[in-house]
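Residue numbers (UniProt numbering): 688 to 976. Virtual Cβ for every residue (Gly too), placed ideally from N, Cα, C. This report refers to the structure that appears directly beneath it.
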Ligand code: C2E
Ligand code: MG
Ligand code: MG
Ligand code: MG
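Here it is as C-alpha cells:
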C-alpha cells in the first residue's frame with residue numbers, strides 16, 4: 688500500500704514536471720519567434736536628482752508583449768533567454784530602439800542593461816559603437832549598466848571594453864551595487880561613472896532593517912567618495928526613502944516615487960508635476976490616517 692501511494696505521488700510529480708518543462712519549451716519557442724517580430728519594446732524609467740527631482744536621464748527596461756500572456760517582465764523570460772542565448776538578441780533589438788530614440792533628439796541620457804554574457808563576446812563594444820554611429824546618435828547620451836559579475840569574469844577584457852566605450856563617450860554605471868561581492872581592490876581600475884545602490888538597501892532604509900541598510904549605504908557612499916563618483920539610489924518609493932538617501936549623501940534616484948517605467952521618455956515638467964500630485968495624494972492619505 689505504501690508503495691502504491693509512493694508511486695501515485697511520483698506520477699503526480701512527473702506530470703507537474705512535464706507540464707512545467709512544456710511551458711518552458713513553449714515560451715522558448717515563443718521567444719525565438721518574438722526575436723524576429725516586433726514583440727520587444729523599451730520601457731523607460733526616469734532618473735532624477737534627489738534634491739529637486741530634476742530629470743537627468745532614463746533607464747531602458749526590456750518588455751515583451753506576448754500575444755497571449757500580455758506584457759512580460761524581464762524576470763519572466765530573461766533566465767530562459769540567457770540559457771539559450773536569446774537574451775543577447777533581444778538586447779540588441781532594445782539597443783537599436785534606444786539609439787533610434789536618442790537620434791530623435793531630446794536631452795538627458797538613456798542607460799541600457801548589459802548582461803554578463805555580452806562581456807564574454809569580444810566585439811560587444813565595437814558593435815554597440817557601430818550601432819550608435821549608424822543611427823546618428825550622440826554616444827555621450829548612452830550609458831551602459833553592468834554588474835560586478837560582468838567585470839570580474841575577465842578583468843583585462845572588461846577593462847579593454849569599458850575603456851574603448853569610455854573613449855568614445857559611452858560611460859558605464861555599476862548596477863545593483865552592494866549585492867555582489869564588491870571586489871573593492873579592483874574597482875578603482877575600472878572607468879565607472881556611478882554606482883547604482885541596489886533597491887534592497889533603499890527599501891531597508893525605512894523599517895526594521897534600517898541600521899544594517901544605513902550602514903551599507905554609508906559604506907557605498909564612502910567608497911563612491913573615494914573613487915570620486917556619484918551614486919543613484921534604485922527603487923525609491925517613498926518620501927522617507929528619498930530623504931534618508933539624501934542625508935546619506937546620495938545625489939540621484941530612480942523609483943516609483945518619481946515615475947514608473949513607461950512606453951515614453953518623460954519630460955522634466957511631467958515628472959515635477961507627477962511628483963507634486965503624488966505628494967498631495969500622500970498628504971491626503973496622511974490626513975485621513
Ligand atoms: P535593474 O536593472 O536593477 O532594473 C531596475 C528594476 O527595478 C526594474 O525592473 C524596474 O522596473 C524596477 N523598479 C524601478 N523602480 C522601482 C520601485 O520604486 N520599486 C520597485 N519595487 N521596483 C522598481 P524590471 O524592469 O522588471 O527589470 C528587472 C531586471 O531585469 C533589471 O534590473 C535588469 O537586471 C534586467 N533587465 C531589464 N531590462 C533588461 C535588458 O534590456 N537587458 C538585460 N540584459 N537585462 C534587463
Ligand atoms: Mg539596470
Ligand atoms: Mg538596477
Ligand atoms: Mg536591481
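What did DSSP end up calling residue 898 once you bin it into helix, strand or coil? helix
Does DSSP classify residue 857 as helix, strand or coil? coil
Those residues which DSSP pairs with residue 742 across a bridge: 735
Delimiting residues of the alpha helix (DSSP H) encompassing residue 786: 773-790
Alpha carbon to alpha carbon, how far is residue 920 from residue 962? Give it in angstroms, no decimals. 17 Å
Strictly by DSSP, which residues pair up with residue 730? 748
State the CB to CB distance for the pair residue 845 and residue 837, rounded to an integer number of angstroms; the pair is presumed to be in contact (CB under 8 Å). 7 Å
Please classify residue 746: is it buried, with 16 or more other beta-carbons within 10 angstroms of its beta-carbon, or exposed? buried
How many whole angstroms separate the CB atoms of residue 932 and residue 889, which I take to be in contact at a CB cut-off of 8 Å? 7 Å
Where residue 955 and residue 795 are concerned, what is the direct C-alpha to C-alpha distance, given to the nearest angstrom? 10 Å
Where does residue 925 sit, in a helix, a strand or coil, going by DSSP? coil
Kindly list the residues whose CB is nearer than 8 Å to the CB of residue 809, restricted to its own chain and excluding five residues on each side of it in sequence; keep chain order. 844
With distances taken between CB atoms, is the gap from residue 958 to residue 949 smaller than 7 Å? no
Option nearest residue 828 by Cα separation, candidates 793, 850, 841, 812: 793
Determine, using beta-carbon pairs with one atom in the region 927-944 and one in the region 733-749, whether at least three such pairs fall under 8 Å. yes
DSSP state of residue 829 mapped onto helix, strand, coil: strand
Verify the contact flag: residue 749, CB atom, against every heavy atom of ligand 1, threshold strictly below 6 Å. yes
Is the beta carbon of residue 790 less than 7 Å from the beta carbon of residue 751? no
Below 8 Å, can you find three or more Cβ-Cβ pairs linking the region 909-916 to the region 863-878? yes
DSSP beta-bridge partners of residue 918: 882
How is residue 799 classed by DSSP in three states: helix, strand or coil? strand
In whole angstroms, what separates the C-alpha of residue 884 from that of residue 702? 42 Å
I need the DSSP call for residue 953, collapsed to helix, strand or coil. coil
At a threshold of 6 Å, does residue 739 count as lining ligand 3 (C-beta to nearest heavy atom)? no
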